[in-house]
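What follows is a set of notes on a single structure, which appears directly below.
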Amino acid sequence: MTDLQKIDELARLVLAGGNVVFFGGAGVSTESGIPDFRSESGLFSAMQVYGRSPEELLSYSFFRREPELFFRYYKENLVSLDAKPNAAHTALAELERGGKLKAVITQNVDGLHQAAGSVNVLELHGSNHRQYCMGCGVRYTLEYILRQEGVPRCRECGGIVRPDVVLYEEGLDQDVMQAAMLAIMGAELLIVGGTSLAVYPAAGLLHCFRGGALVLINKSATPADRHAQLVINDSIGIVFAKLMESINIFK
Ligand code: ZN
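Quick note, my numbering runs 1006 ahead of the 1-based positions in the sequence shown.
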């Protein structure tokens, strides 16, 4: 099958089923110009500028030990204010509005799915749009921490204001994880995109899927390819743009 035939087949699967779930990784965001800090170039620049790996810079123990450096790296690498949703984000929002898509599960923290109009977004690693004071729990906006030099402090109690993202060494939010598992368990069609499925908990979540068809969209091969009904090795933005064209023709 050519990629176009595969996309037509995916369009038929979307139109046939009423319960589609999307699970996305870093590749969904890189196409909006957000660099993947886990990539080879992300590792290279972290080592060059900070002499440390992204995993160390974004670990809870490093955050406690060197909060100034943590926030410098965090603001430079995990916040992209100019990033805009791409064709994958807008297509997923449109499929949700049309009642086909039930949930977006994402490992990204940039809020681009919500910016595109998606409502049921399960953010496994939290969101850089939410911050809270570690002392008193008061919530703050992203702008609040970006305006502050060095370590952002709470207006009420002087505590450190931290991003509501899951750092290395920290556990995932169990409510979000459970909601993601339930969404995948209930899915008839599971589309997985922009992830090599190497990072926890992506691989484990796929085991919850017991529905009809699994479709993988990624530029390179993944360990789950042999379980998938369709594997499309292409840019996720291009695939979703073509998918929406195909759906509009078939429906
Ligand atoms: Zn406080």
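Glycine residues also receive a C-beta, built at the ideal position from the N, C-alpha and C atoms. If you're wondering where the values come from, they're calculated on a predicted model, not measured in any experiment.
Beta carbon nearer than 6 Å to a non-hydrogen atom of the ligand ZN: Residues flagged by the Cβ proximity filter: CYS1139, GLY1141, CYS1142, VAL1144, CYS1160, GLU1162, CYS1163 and GLY1165.
Start and end residues, alpha helix (DSSP H) containing PHE1077: From DSSP, the alpha helix (DSSP H) with PHE1077 extends over 1073-1083.
Straight-line Cα distance separating GLY1164 from LEU1118: Going by the C-alpha atoms only, they are around 31 Å apart.
Enclosing beta strand (DSSP E) for TYR1138 [first to last residue]: Segment 1132-1139, the beta strand (DSSP E) holding TYR1138.
Own chain partners of ALA1121 with C-beta closer than 6 Å, once the 5 adjacent residues on each side are dropped: So the list reads PRO1091, once near-sequence residues are dropped.
According to DSSP, residues forming a beta bridge with ARG1018: For ARG1018, which the question treats as bridged, DSSP gives no partner whatsoever.
Member of LYS1248, PHE1256 and ALA1204 whose CA lies at the smallest distance from the CA of ASP1231: Comparing alpha carbon positions, the residue from LYS1248, PHE1256 and ALA1204 closest to ASP1231 is ALA1204.
Neighbourhood of LEU1084 by C-beta distance below 6 Å, restricted to the same chain and skipping five residues each side: If we look at LEU1084 and ignore the five residues flanking it on each side, its Cβ neighbours are ASN1134.
8 Å Cβ shell around ILE1003 - same chain, five flanking residues per side excluded: Residue 1003 falls outside the range modelled here, since the chain spans only 1007 to 1257, and no answer is possible.
With 16 other Cβ atoms within 10 Å as the buried cut-off, status of PRO994: Lying outside 1007 to 1257, the shown extent of the chain, residue 994 is not represented and no answer is given.
Where THR1008 falls, given that 16 or more other Cβ within 10 Å makes a residue buried: The residue in question, THR1008, is exposed, as its Cβ has fewer than 16 Cβ neighbours within 10 Å.
Alpha-carbon to alpha-carbon, THR1112 and GLU1037: Spanning the two alpha carbons is a distance of roughly 15 Å.
Inter-stretch contact (C-beta, 8 Å, three-pair minimum) for the segment 1008-1027 and the segment 1210-1222: At 8 Å Cβ cutoff, the stretches touch.
Inter-stretch contact at 8 Å, needing at least 3 Cβ pairs: the segment 1097-1111 / the segment 1051-1068: Short answer: they don't touch.
Alpha carbon of ARG1044 to alpha carbon of LEU1152, nearest angstrom: Answer to the nearest angstrom: the Cα atoms are 23 Å apart.
8 Å Cβ cutoff met for VAL1115 and GLU1129: Taking the C-beta atoms as reference points, GLU1129 is found nearer than 8 Å to VAL1115.
Among GLY1033, GLN1011 and GLU1176, nearest to PHE1068 - alpha-carbon criterion: PHE1068 has its Cα closest to that of GLU1176, out of GLY1033, GLN1011 and GLU1176.
Candidates GLY1132, PHE1029, PRO1060 and PHE1076: closest to THR1201 by CA position: Between THR1201 and the set GLY1132, PHE1029, PRO1060 and PHE1076, the nearest pair of CA atoms involves PHE1029.
Reference ALA1193, options GLY1024, ASN1239, LEU1075 and ASN1224, closest by Cα: Per the Cα distances, GLY1024.
Residues near THR1096 by beta carbon distance below 6 Å, same chain, minus five either side: So the list reads ALA1122, once near-sequence residues are dropped.
Spatial distance of ARG1136 from PRO1041 (CA atoms): Between ARG1136 and PRO1041, the C-alpha separation is close to 20 Å.
Exposure of ARG1168, with buried meaning 16 or more beta-carbon neighbours within 10 Å: Counting of Cβ neighbours within 10 angstroms places ARG1168 among the buried residues, the total reaching 16 or more.
Bridge partners - TYR1150, DSSP secondary structure assignment: In the DSSP output, where bridge partners are listed per residue, TYR1150 has none listed.
Exposed unless 16 or more other CB atoms sit within 10 angstroms - verdict on VAL1127: Looking at its Cβ environment, which holds 16 or more other Cβ atoms inside 10 Å, VAL1127 is buried.
Backbone CA spacing between ALA1189 and MET1183 [nearest angstrom]: Whole-angstrom Cα-Cα distance: 10 Å.
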